[in-house]
Structure formats: C-alpha cells, structure tokens
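In mature numbering (1 follows the signal peptide of the UniProt record, and there is no 0), the protein residues as written are -19 to -1, 1 to 141. Backbone N, C-alpha and C define an ideal beta-carbon position, used for all residues, glycine too.
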C-alpha cells in the first residue's frame, strides 16, 4: 500500500512539474512576441530538413528570427541545470552532430563562430548570442533540436 501511495505522489509531482514547464515555455513564446499561430507555421517552414533558405531575407524575417532566438534562450533558462551555459550546450550539440550532416571543417567553423559570438555578447546575454550565430539559419539550425526542448513543445502543443 505504501508503494502505491509513493507512486501516486510521484505521479502527481511529475504532472505538476510538467504543467509548470508547459506554462513557462508558453510564457517564453508570448513574452517574446510570438503570439500569432502563423508564427509557428513560419518557424516550422524554417526548420524543415530540406529548407534551402535561398530567398532574400527580409527585415520581417530577421525580426521573427530574433524573437524566436530570444524564446529559445528563455526556454533554456527555464530548463537550465546547474553550471550549464547555453554556449556550452551549443558546443556539445555541435560535437554530437552526425558527420554526414556536419563535416569536421564545418564543426570547427561553427565553434569559431560560437566563440566569437560568446566573446562579443558576454556570458549573460543568451538571446543576443543566438541572434549572433543565426540560430534559425544553416548550419546552426541543424543542431537546434539537440539544443532546445521548445521545438518538441511546439510540435505537441500546437499540433505542428
């Protein structure tokens, strides 16, 4: 009986934790101006594996990408573990990327870009860091699923 009560208590705690995380992720999107359902459609278009991004980037696209970069940074801080930085998380995602997606030379180039952006933005401005590396553009967009849980959230909640 005690084990059933313990299991039920853990289940309730996990449900409350998930609900808190859900609301925090939603707040990250809304606080950064991503309130329109069309924004999510645009995001999913950008994140398609076969997206080529060959069209001219408009000011509106840059503004959208900057908003979403800040939402990702916000989400990272919601989920953040002790002693983990977003720059460190990005570097681990670069290292973990499959070799067929990113060559060693491309990984080095990405790390150099990340290092330059980290130095330019400082340790406390993850929003600007993600904007600097152009997180929604290749090659950084290819490591985004390993970096941010907000994408899974969007797919589940928004049914994308």
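Quick one: give me the first and last residue of the alpha helix (DSSP H) that residue i is part of.
| i | result |
| --- | --- |
| residue 70 | 67 to 77 |
| residue 94 | 85 to 102 |
| residue 110 | 107 to 113 |
Would you say residue i and residue j are within 9 Å of each other, going by their C-beta atoms?
| i | j | result |
| --- | --- | --- |
| residue 52 | residue 110 | no |
| residue 92 | residue 75 | yes |
| residue 121 | residue 71 | yes |
| residue 95 | residue 123 | no |
| residue 59 | residue 101 | no |
| residue 107 | residue 57 | yes |
| residue 17 | residue 49 | no |
| residue 78 | residue 88 | yes |
Buried or exposed, going by whether 16 or more other CB atoms sit within 10 Å of the CB of residue i?
| i | result |
| --- | --- |
| residue 85 | exposed |
| residue 80 | exposed |
| residue 46 | buried |
| residue 44 | exposed |
| residue 54 | buried |
| residue 114 | buried |
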